[in-house]
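Okay, structure first, notes after.
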Amino acid sequence: QRGGGVAIPAGNINWDVPFPRALELARRTGARVLAGLPLEPVVLGELARAQGIDPARVGLDALFLGGAPVPPAFQRRLARVWGARVIELYGSTETMLLGTSCPAGTLHPETALAYCEVLPLDGTDEGQLVVTTIGVEGSPLVRFDTGDVVRVTTACACGDPRPGLIVLGRAADAVAMAGRRLYPYDLIDAAAGAADVLDSSVFFVVILPGRVLVRIETQASGAGDPAAVLRARLPGVPAEVEPVEPGMLLDVEMLSRSPHVYKPVVLADWRRPGRRILTVDEGMIEWPRPTWAEGRRWLCRRLSTAARRRRLGRDLARGADG
42 QRGGGVAIPA
52 GNINWDVPFP
62 RALELARRTG
72 ARVLAGLPLE
82 PVVLGELARA
92 QGIDPARVGL
102 DALFLGGAPV
112 PPAFQRRLAR
122 VWGARVIELY
132 GSTETMLLGT
142 SCPAGTLHPE
152 TALAYCEVLP
162 LDGTDEGQLV
172 VTTIGVEGSP
182 LVRFDTGDVV
192 RVTTACACGD
202 PRPGLIVLGR
212 AADAVAMAGR
222 RLYPYDLIDA
232 AAGAADVLDS
242 SVFFVVILPG
252 RVLVRIETQA
262 SGAGDPAAVL
272 RARLPGVPAE
282 VEPVEPGMLL
292 DVEMLSRSPH
302 VYKPVVLADW
312 RRPGRRILTV
322 DEGMIEWPRP
332 TWAEGRRWLC
342 RRLSTAARRR
352 RLGRDLARGA
362 DG
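My numbering applies: residue 42 is where the sequence shown begins, and numbers increase by one.
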């Protein structure tokens, strides 16, 4: 407000401002900044392209992203698609703002607002983040366990003397595989790098017993080797890439029918109880009432996904028997 700006609430988790309307608001109001979850610019970008709009021409100067890990490969892709600087925000409902990334892309803790401690995990350069709030008056916290695992970096190119933090994700979301401990940060960074080889922003990571499957929407042919990128970023981890047709993972046609959507995710751990999700929109869409043509196309995509789910299930069953 001091700078003459105004915030336009446009959260997607309601019927009033679904993704299509949020994109319309950004264009109509000449918005310069988009603040949201890391996957939301991906959804908005695909919606824009479906309408024949180049996301880079929407006019955004910056994307403020938080609420989930935003690894470098993901940031670079979003910056290129939108022609905007990506700024990572870190915090929580309990602690408020804890960190902001600098022009060099390093996330620095907001030391005037909180005192951060990193409790080392045995045998690694990682640690669990514990916070004591300084700038919160109403409900101060003393050595609050955030549940997040971070890596600490030093000597940032921006010259800021504060250390840097790499937020790897929730400790509870760590994946033990091939003698390694993988976090959402590692998996999203690898998947985003592989997807970028195919000129795609839309991917979904399926964690299976003993291996990782990365599904990528693409129309690219004769591009580089996304599997090689995936293996290079996840050394020693059995991982494979499955290219799928556009619309298989993120169905913008259904989003355009203004459904009620939830927090979008790009990871599903099939080793744990719960829904076995294979696509982005399976996890976030409350289904609308489509036209016959839309319903037919949706049904074809769902049948293809169901067939793939059955094949993976049979593979897992054979592996368990063996």
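For each residue, glycine too, the CB sits at the ideal point set by N, CA and C.
Quantities reported herein were computed from a predicted structural model and do not represent experimental measurements.
With H, G and I counted as helix, E and B as strand and the rest as coil, what does DSSP make of residue i?
| i | result |
| --- | --- |
| R252 | strand |
| D237 | helix |
| V270 | helix |
| E283 | strand |
| L160 | strand |
| L170 | strand |
| M325 | coil |
| G315 | coil |
| G265 | coil |
| V246 | strand |
| G336 | helix |
| E294 | helix |
| W345 | For clarity, residue 345 is Ser in the given sequence; the question names Trp instead. Helix at S345. |
| D227 | helix |
Per DSSP, which one or two residues make a beta bridge with residue i?
| i | result |
| --- | --- |
| V208 | V191 |
| A361 | Partner(s): none; A361 has no beta bridge. |
| R222 | A217 |
| E129 | L106 |
| S142 | L148 |
| E258 | V285 |
Less than 7 Å between the beta carbons of residue i and residue j, yes or no?
| i | j | result |
| --- | --- | --- |
| A145 | C199 | yes |
| Y131 | V216 | no |
| L10 | V321 | Absent from the structure is residue 10, since the part of the chain shown begins at 42 and ends at 363. |
| L308 | P225 | yes |
| V159 | L170 | yes |
| P267 | L249 | no |
| V247 | L254 | yes |
| F245 | R256 | yes |
| P161 | V122 | no |
| V282 | M218 | no |
| E294 | E335 | yes |
*Can you list, in chain order, the stretches of the beta strand (DSSP E) that have 3 or more residues and sit fully within the region 60 to 121?*
DSSP runs (the beta strand (DSSP E)) wholly in the region 60 to 121: 74 to 77, 103 to 106.
_Given 8 Å, three or more beta-carbon pairs between the region 85 to 92 and the region 313 to 322_ = No, the region 85 to 92 does not touch the region 313 to 322.
*Flag this pair as touching only if the region 66 to 86 and the region 185 to 203 have three or more C-beta atom pairs under 8 Å; answer yes or no.*
Under the three-pair Cβ rule at 8 Å, the region 66 to 86 does not count as touching the region 185 to 203.
*When the Cβ atoms of the region 112 to 127 are set against those of the region 218 to 234, are three or more pairs found closer than 8 Å?*
Under the three-pair Cβ rule at 8 Å, the region 112 to 127 counts as touching the region 218 to 234.
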